[in-house]
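Following: one structure in C-alpha cells, then a few remarks.
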Amino acid sequence: MNDPAGLPGPNSPIDYHAPTAWLLGTGEDADVVMSSRARLARNIAGFPFVNSASRDDRRHALAVSRQRIMDARLTKKLAWIELHETNHAVRTLLVERHLISRQHAKGKLNRTTGGVDEPRAVAVGTPDEALSIMVNEEDHLRIQLIGSGLCLNDLLRRIDDVDDRIEAGIDYAFSPRFGYLTACPTNVGTGIRFGVMLHLPALKLTGDIEKVKRAAGGMSLAVRGFYGEGSDASADLYQISNQTTLGKSEAAILRELTGEVLPAVIGYERSARQKLLEHRSEVIEDKVHRAIGVLTHARLLSTEEAMDHLSMIRLGIVAGLMPELEQQPINHLLLMVQPGHLQMLCGRVLSQGERRIERAKLVRERLAGVAGS
118 MNDPAGLPGP NSPIDYHAPT AWLLGTGEDA DVVMSSRARL ARNIAGFPFV NSASRDDRRH
178 ALAVSRQRIM DARLTKKLAW IELHETNHAV RTLLVERHLI SRQHAKGKLN RTTGGVDEPR
238 AVAVGTPDEA LSIMVNEEDH LRIQLIGSGL CLNDLLRRID DVDDRIEAGI DYAFSPRFGY
298 LTACPTNVGT GIRFGVMLHL PALKLTGDIE KVKRAAGGMS LAVRGFYGEG SDASADLYQI
358 SNQTTLGKSE AAILRELTGE VLPAVIGYER SARQKLLEHR SEVIEDKVHR AIGVLTHARL
418 LSTEEAMDHL SMIRLGIVAG LMPELEQQPI NHLLLMVQPG HLQMLCGRVL SQGERRIERA
478 KLVRERLAGV AGS
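So the sequence shown is residues 118 to 490, counted in our numbering.
Next up, the structure:
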C-alpha cells in the first residue's frame, strides 16, 4: 500500500530501504566491477509484439504472463507490481533500483504512443531483488538477473534455469532459422544481453576513458551511463553490454566479454590507479579527502555532486587510502541520494530545493565520524 503522498507504505512488497543485490561490494573484481547483469528478451507465441498490439492484447499478455511467472516457482518470494496501478513515486524507486527501465516506468510503446496507464508490470524476487521480470516493456518478457562483482557465468546458469521454468508453461515466439523473435532486430537470436557496471574513476582522472570506448567499440559492444541506454555516466559508473545476439551463442557472447574486453578494461583502470598512487599520489589523496570534506560539511547537495564525491570516496577505499571505510555503505549511499529514495526516507514529496538540503543532511549523518579520521 502507498500513503497519500504516493510513497510506499509499510506493507510494500519491496523494502526500499535495503541494499539491492548489485550494491553489496562483493564478488570477483568488485573493486572495478560494481555489478553484472544478464537479461533475456522473450515474446509469447500467438500474440502481437507489444508496440503493435491492441490494449486488449496487452492486457491478455499481461494476464498470461502473470499466471505463468507466479506459478513457475522462480524464487522463494516474488512480488508482482502492476505499474499502471502504481504512482510516479513508486515507479521512480523501481527505476533507481534498476528493476525497471525508464521506458517501462513511463509506459512508452514508442516515441509517440503509450503512457502511464498502459497495462504492464514487473515481478521482483525478494528480498535480494536479484531477479526482476518486466512484462509488456519492449517485449512481452524482459527477464533480468543481477549480482555483485563479476559473475556473468553464474548469472547465465541461473537465468537459463528461470527461462526454462517459464517456458515449461508458455510457448515463446521462436523461429528455427532466426531463434527467439523480438521486437527489436538486435535482440533476435538468443535474445540475451550481458552487461557490467564498471567504476572507472582513475581512467576519468587520467583522461583515458576513451580507451574503454575504443575497446568496446572494436567488439561491437555498447558503453552507456548509470541507467543504461540514453543515460550519462554518473559517479564514474559506466555500463558495457553486447549490442547484438543474432548468429552468436550465449557462450560466444560471454567469451567476448569475459575473455577479452572486460580483462582489458579492468586492467586499464587498475593500471591508472597504480600510476596515480605512484606518481601523483597528492592528486588522488586530495580528491578523496576533498570529497570527504565536502560531504561531511555541505548544507546543499545536488544528486550529481553527491554521486561524484561518493565516487572519489569509493576510489579511496579500494585504493587503500581509507581503511576505516567499507564499500557497501558507500555503494548504498549512491542509491539513497537519488531523488526517489531521498523522498522515501523523508516520508514526503520534496521540492528540488528541499531535496538538496535533505540530501546533504543524509550524507552528513551517514558519514558522521569520518571527517576527523
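Positions of the beta carbon are idealized from the N, C-alpha and C atoms, including for glycine.
Whether residue i touches residue j by CB criterion (7 Å)
| i | j | result |
| --- | --- | --- |
| A408 | I430 | yes |
| R154 | G312 | yes |
| L462 | I447 | no |
| T375 | L269 | yes |
| A162 | A285 | no |
| Q360 | A333 | no |
| L226 | N168 | yes |
| P125 | V207 | yes |
| I401 | L393 | yes |
| V150 | L354 | no |
| G231 | L195 | no |
| A68 | I283 | It is not possible to answer for residue 68, since the shown part of the chain is limited to 118 through 490. |
| D278 | A138 | no |
| G142 | Q445 | yes |
| A352 | M424 | yes |
| L179 | V252 | yes |
| A477 | L418 | yes |
| Q460 | L467 | yes |
| E386 | A319 | yes |
| G144 | G266 | yes |
| R185 | I287 | yes |
| E254 | H215 | no |
Run of the beta strand (DSSP E) containing residue i, from where it starts to where it stops
| i | result |
| --- | --- |
| A381 | Not the beta strand (DSSP E): A381 falls in the alpha helix (DSSP H), residues 379-396. |
| N359 | 354-359 |
| G242 | 238-243 |
Delimiting residues of the alpha helix (DSSP H) encompassing residue i
| i | result |
| --- | --- |
| A369 | 367-373 |
| R472 | 469-483 |
| L432 | 420-435 |
| I283 | 269-284 |
| E70 | Residue coverage of the chain in this structure runs from 118 to 490, which leaves residue 70 outside it and unanswerable. |
| R185 | 172-188 |
| K223 | 219-223 |
| R208 | 205-213 |
| H201 | No alpha helix (DSSP H) contains H201, which DSSP labels as neither H nor E. |
| C301 | Premise fails: C301 is in no alpha helix (DSSP H) and is neither H nor E. |
| Q455 | Premise fails: Q455 is in no alpha helix (DSSP H) and is neither H nor E. |
Bridge partners - residue i, DSSP secondary structure assignment
| i | result |
| --- | --- |
| T307 | Answer by DSSP bridge pairing: none, since T307 is not bridged. |
| Q261 | R156, S249 |
| W139 | BP columns for W139 are empty, so no partner. |
| Y133 | In DSSP, Y133 forms no bridge with anything. |
| V150 | L315 |
| L195 | G242 |
| L338 | N359 |
| G231 | K225 |
| S292 | G296 |
| S351 | L354 |
| I161 | Y289 |
Nearest-angstrom beta carbon gap, residue j and residue i [assumed within contact, 8 Å]
| i | j | result |
| --- | --- | --- |
| L479 | M453 | 6 Å |
| V239 | I217 | 5 Å |
| G342 | Q356 | 7 Å |
| A300 | F166 | 4 Å |
| K365 | G306 | 7 Å |
| L210 | H458 | 6 Å |
| H73 | R237 | Nothing about residue 73 can be reported from this structure: the residues present for the chain run from 118 to 490 only. |
| P456 | T413 | Not really, about 22 Å apart at Cβ, beyond 8 Å. |
| L371 | L442 | At roughly 33 Å, the Cβ-Cβ gap does not stay under 8 Å, so L371 and L442 are not in contact. |
| E235 | R175 | 7 Å |
Check: residue i C-beta below 6 Å from any heavy atom of the ligand GDP
| i | result |
| --- | --- |
| T192 | Among the components modelled here there is no ligand, and therefore nothing to report on the ligand GDP. |
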